[in-house]
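Each residue of the sequence shown is one higher than the one before, counting from -17 in our numbering. C-beta atoms are modelled at their ideal positions from N, C-alpha and C, and glycine is treated no differently.
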Amino acid sequence: MQEASPTGPVQLASEAWWANVLLEHFGIAASLTPLDGEYDLNFAVHQEGTRTHVLKVMRPGCESSLIEVQCKALNHVAAHAPEVVVPRVVKAHDGSHFVSARDQDGEERLVWLITNLPGRLYAETSPQPPSLLREIGATLAKMDRALEDFAHPALGRSIKWDLRRSGWVRDAIDLIEGDGRREIVERIISEFEGDLLGRLTALPTTAIHNDINDYNMLVDASTGEPRLSGIIDFGDMIDSPAVAELAIAGAYAVLGQERPIAALAALVAGYDSVRPLSDEELALIYPLVLTRLAVSVTNSAIVKREKPDDPYVTVSEQPAWSFLETNSSLPPDWVLACLRVSCGRPGHPRADAVMGWIASHRGRFAPMFGRDLNGIPVIDLSVASPASPRNPFDLDPDDLDDAVAEAMGDSDIGLGRYGEPRLIYTGPEFRKTPYAGSHRRTVHIAVDVFIDAGTEVRAPLDGVVHAVELRTSPLDYGGVAVLEHATPGGDRFYTLYGHLAADVVTRLSPGQTVVAGEVIALIGDRAENGGWTPHIHFQLGLTTLGRGADWPGVADPDESAGWMELFPNGAALLNLANKDTAAVTVATETVLPQRKKRFADNLKLSYRAPLTLLRGYRQFLFDQYGRTYLDGYNNVPHVGHCHPRIVAAAARQNRLLNTNSRYLHPAQVEYAEALTSRLPDELSVCFFVNSGSEANELALRLARAHTGAVGTIVMDAGYHGNTNTAIDISPYKFNGPGGRGAPDWVEVVPVADPYRGPYKGSDPEAGRKYADHVRAAVERIQARDRRVAAFICEIFPSVGGQLIPPPGYYRHAYEAVRAAGGVCIADEVQTGLGRIGTHRWGFETQGVVPDIVVLGKPIGNGHPIGAVITTPAIAASFANGMEFFSTFGGSTLACVIGREVLRVVDEENLQAQALDVGTFMLDGLRGLQDDHVIIGDVRGSGLFIGVELVEDRDTLKPAQKTASYIVNRLREHRILIGTDGPFDNVLKIRPPLCFTREDGSHLLHRLAAVLREEPCRI
-17 MQEASPTGPV
-7 QLASEAWWAN
3 VLLEHFGIAA
13 SLTPLDGEYD
23 LNFAVHQEGT
33 RTHVLKVMRP
43 GCESSLIEVQ
53 CKALNHVAAH
63 APEVVVPRVV
73 KAHDGSHFVS
83 ARDQDGEERL
93 VWLITNLPGR
103 LYAETSPQPP
113 SLLREIGATL
123 AKMDRALEDF
133 AHPALGRSIK
143 WDLRRSGWVR
153 DAIDLIEGDG
163 RREIVERIIS
173 EFEGDLLGRL
183 TALPTTAIHN
193 DINDYNMLVD
203 ASTGEPRLSG
213 IIDFGDMIDS
223 PAVAELAIAG
233 AYAVLGQERP
243 IAALAALVAG
253 YDSVRPLSDE
263 ELALIYPLVL
273 TRLAVSVTNS
283 AIVKREKPDD
293 PYVTVSEQPA
303 WSFLETNSSL
313 PPDWVLACLR
323 VSCGRPGHPR
333 ADAVMGWIAS
343 HRGRFAPMFG
353 RDLNGIPVID
363 LSVASPASPR
373 NPFDLDPDDL
383 DDAVAEAMGD
393 SDIGLGRYGE
403 PRLIYTGPEF
413 RKTPYAGSHR
423 RTVHIAVDVF
433 IDAGTEVRAP
443 LDGVVHAVEL
453 RTSPLDYGGV
463 AVLEHATPGG
473 DRFYTLYGHL
483 AADVVTRLSP
493 GQTVVAGEVI
503 ALIGDRAENG
513 GWTPHIHFQL
523 GLTTLGRGAD
533 WPGVADPDES
543 AGWMELFPNG
553 AALLNLANKD
563 TAAVTVATET
573 VLPQRKKRFA
583 DNLKLSYRAP
593 LTLLRGYRQF
603 LFDQYGRTYL
613 DGYNNVPHVG
623 HCHPRIVAAA
633 ARQNRLLNTN
643 SRYLHPAQVE
653 YAEALTSRLP
663 DELSVCFFVN
673 SGSEANELAL
683 RLARAHTGAV
693 GTIVMDAGYH
703 GNTNTAIDIS
713 PYKFNGPGGR
723 GAPDWVEVVP
733 VADPYRGPYK
743 GSDPEAGRKY
753 ADHVRAAVER
763 IQARDRRVAA
773 FICEIFPSVG
783 GQLIPPPGYY
793 RHAYEAVRAA
803 GGVCIADEVQ
813 TGLGRIGTHR
823 WGFETQGVVP
833 DIVVLGKPIG
843 NGHPIGAVIT
853 TPAIAASFAN
863 GMEFFSTFGG
873 STLACVIGRE
883 VLRVVDEENL
893 QAQALDVGTF
903 MLDGLRGLQD
913 DHVIIGDVRG
923 SGLFIGVELV
933 EDRDTLKPAQ
943 KTASYIVNRL
953 REHRILIGTD
963 GPFDNVLKIR
973 PPLCFTREDG
983 SHLLHRLAAV
993 LREEPCRI
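This is the structure we're talking about:
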């Protein structure tokens, strides 16, 4: 129980009064604080600052049997299932379990004492992972098993929370506000009063807790993984079927869950692992979950009318309504399939009988197209296939036509796989929410046969027409028919034929008998089949879900296991082997060990649960199952993954020529002109290479050639690449694990960090003070009789923690370096070309012009390209007779791609978009900073953003573990960001520049939810 506020509804007596009662009858001197309660008084007992017990003061007139049954049940559980953590009953001085004492008004109250249990209320616990729910289920089963031989007269009392008595709700439905909500409860109660009540009362009964809600479970998350630490409040115990216990717990397990049925399945699987459930019990769980929630919201409506200001009685109302409004119409067969699968059972009770009969007749069914389908070409429409749509959010039917035709070759027929994740399902009806990046249905749960429109379709076996429709919405079935069949044993199953010609509605009618080999329809063309390349969608079903021909032909990958149990592979009905039609999907579990075998251990993977990514488009990435991930991390695809203009430019040039810079080609000159036109006039000579690492190494060569010196100044925590020389100027590497420290020609200056560094952003002289360290480094180099070659740094340090150096820093630092004869190198790999929004280049924000600018990964949008741009004087110094040549640096292909990137940035106004979206996100992040003390600093410009996490805002102790937790939790929510900074405690957000406000809002919403979770609380 949570402690109540001083004005809460249970504050009916002074703590001091009941503290005296506690001392008198139980011999415990303690202070009391009130706890929430619906009818009774509850007090937390504190001894020497530690909460040790809970004192329970029952309402006047409470029957002693109510306390007696709880005390005996608690003792029974402790004796027969000691691993189940429940409070222990503390006896009074006279040896009794409870005593009678007068309250301040002179009324007799029954008082009893139990031990306190550690932990936080389940309702206040976040996240509530499947592992916790499985543990809860298993614990309930152990408790129920222990109570099987427990009996007490009070267990037979009648209470409104007895699921068997839920019919009382009907008389109170009118108190529920809103027609839609009343209709939901009316439907649930009607189904309960139908056959559900009779089925429930037919089950044997046992003693159950009867109120495993989110305020009667305690959770301990102190060790990281949340664990159940106790079950409390046995006040609603009754004798009832054990499945009611599980259903009541399930009603609260689903609340607030993004995937509520998966949560329920985890709970049920845990329970079944200890106390196996019968098929009938499994079938009753979900309807009873709905019944319990209907009772709960109706009770809230009653009490709200009586006590509109009482928070306790409505504590679960909004989450309950949210679930009922969203999920109460889920197909019961699918929910049951999920529960059965979680318990290791076939998803449908008839599955074994039906599938066994079909398999035994493989090869004997009538050919659907009058021909053998064995050996026909397979059309790969998977996520990684070239047939995957160019735009996975907007299918172009012509693209699909072309891809299918290419795959079929000279054949006039082709096969589409069952269970294949595809990105061709782009309509909004396939998404969970209007947001483009939301969860969507991708897994095809049928077999396709691609064949010319007008081809006759024959029934593979005898049947009766169950449904026939013309569904004309885009990407729907078009003409569709469902046939009902039965095995000799009477087990029914169904077959669906989708994308038929429209005249199927005149050929067939419900109830019509068809025989094997009979023509039932024609293949439809695009105008009548939902807009698809002509084919048949052939689906086997063990149920129709009560929806006629409105079957889901595609499943969410996270829900596909249940759907594929209800709609298994129908290959046998086509006289094909299952393996010939089953999709082969890349498994992370297979790729990971192969990678570990062939690559070194220091080639790291992102995230605790590595991702297998097969497709990208703009700001989104897709895994092998077609799950959509919002990319808030990868700055390399500057204008977006697989931007169609970049893809087209690369394909066009690849068809023509890709060679090196020893030959003349206008693309190289055009790209150099375009690049230098976007830089200050002084920077007019280009060198093209293959990467940022190569570019930084070349920049250092230029500096040394021009100055004749080698002394180099670098900023601490800087990173400039993975070549030997690049590592020599990267403190992030040479001072990190495996590093050898700075070479004797390198001087390291403090990173210009206005938050964590010695000079804070509030200091107007911070820029100059940090620059003084550069001046001191110059003097140290000179003191060793050396000269300064260069000062190189990331203009906005990224590895250093997404930092924005204070104003004036570069002006003063550059002055010091140039006064010593050195050159200034700006590493703009991370920040250049509009990312920071306010300016095209980071150095422009400080009003300086470097001598050399280094560009890398993003200028090619992922194509290997780097550039060094410098002054004519420095270029002349480098032209000392030694030829410079990079075989594919500045290749025709690289220059064409680089030029197109520049066009896209300008023509799609991406710099302005970066500023707009970045400002929106920074405002939102600062709002989160106000609410969460773990956010020490929010900084950035445009789409270069850092969020520094600290355990203490005064000491700035880094919250590294929390940063890692947040990044991995966001990955579970399909949002990708990273961490950086010397302590790896800075959330790094650097998405492609096509990132939108909608994307930013989605990221902020998810981040806000994660920040409320237990590991983020300090």
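Per DSSP, Asn2 is not a residue of any beta strand (DSSP E); the alpha helix (DSSP H) it occupies stretches across -3 to 8. In terms of Cβ geometry, Glu930 and Ile1000 do not form a close pair [threshold 8 angstroms]. Assignment of Arg800 by DSSP, reduced to helix, strand and coil, places it in the helix class. Nearest to Ala564 by alpha-carbon distance, out of Val425, Arg953, Tyr792, Gly743, is Val425.
The region 715 to 734 makes no contact with the region 836 to 848: fewer than 3 CB pairs, one atom from each, lie closer than 8 angstroms. In this structure, the alpha-carbon of Ile709 lies about 37 angstroms from that of Gly906.
Per the coordinates, the alpha-carbon of Arg757 lies some 28 angstroms from the alpha-carbon of Asp919. Linking Ala247 to Phe216 through their CA atoms gives a straight-line distance of about 25 angstroms.
An exposed status is given to Val915, since fewer than 16 other beta-carbon atoms sit within 10 Å of its beta-carbon. Residue pairing for Phe926: DSSP places it in a beta bridge opposite Ser923. Under the Cβ criterion (8 angstroms, minimum of three pairs), the region 686 to 702 counts as touching the region 766 to 773.
Within the region 231 to 283, no run of beta strand (DSSP E) at least 3 residues long lies entirely inside it.
Contact annotation: Ala428 and Tyr400 have beta-carbon atoms nearer than 8 angstroms. His58: not part of any beta strand (DSSP E); member of the alpha helix (DSSP H) spanning 46 to 62, first to last residue.
For the 8 angstroms CB-CB criterion, Leu122 and Glu227 form a contact. Contact annotation: Val439 and Ile505 have beta-carbon atoms nearer than 8 angstroms. Judged by DSSP secondary structure, Met199 falls outside any alpha helix (DSSP H) and instead within the beta strand (DSSP E) spanning 199 to 202. One Cα belongs to Glu996, the other to Pro111, and the distance between them is close to 12 angstroms. Pairwise C-beta distances place the region 654 to 667 out of contact with the region 695 to 702, as fewer than three of them are shorter than 8 angstroms. Listed as beta-bridge partners of Pro940 by DSSP are Val932. A direct Cα-to-Cα measurement between Ser311 and Val811 gives close to 52 angstroms.
Residue pairing by DSSP puts Thr495 in a beta bridge opposite Val446. Sequence-distant partners of Ser13 (beyond 5 residues in either direction) whose C-beta falls short of 6 angstroms from its own C-beta, in its chain, are His28.
Thr567 carries a coil assignment under DSSP once its states are collapsed to helix, strand and coil. Per DSSP, the continuous alpha helix (DSSP H) segment holding Pro713 begins and ends at 713 to 716. Annotation for Pro16: the continuous beta strand (DSSP E) segment containing it runs 13 to 17. Leaving aside the five residues that flank Leu178 on each side, the residues in its chain whose CB is nearer than 6 angstroms to its CB run, in chain order, Pro269.
Within the region 667 to 731, the complete alpha helix (DSSP H) segments at least 4 residues long are 674 to 689, 706 to 710, 713 to 716, listed from N- to C-terminus. By the CB criterion at 8 angstroms, Arg817 and Gly924 fall inside the cutoff. Sorting Asp221, Gly398, Gly445, Thr874 by C-alpha distance to the C-alpha of Leu182 places Asp221 at the top. Here Thr32 is bridged, per DSSP, to Gln29. For Val336, the enclosing alpha helix (DSSP H) has its first and last residue at 333 to 342. Pairing Cys624 with Pro328, the inter-Cα distance amounts to about 41 angstroms.
Residue pairing by DSSP puts Pro223 in a beta bridge opposite Thr187.
In its chain, beyond the 5 residues on either side, Gly819 have a beta carbon closer than 8 angstroms to the beta carbon of Ala894.
Where Lys124 is concerned, the enclosing alpha helix (DSSP H) starts and stops at 112 to 128.
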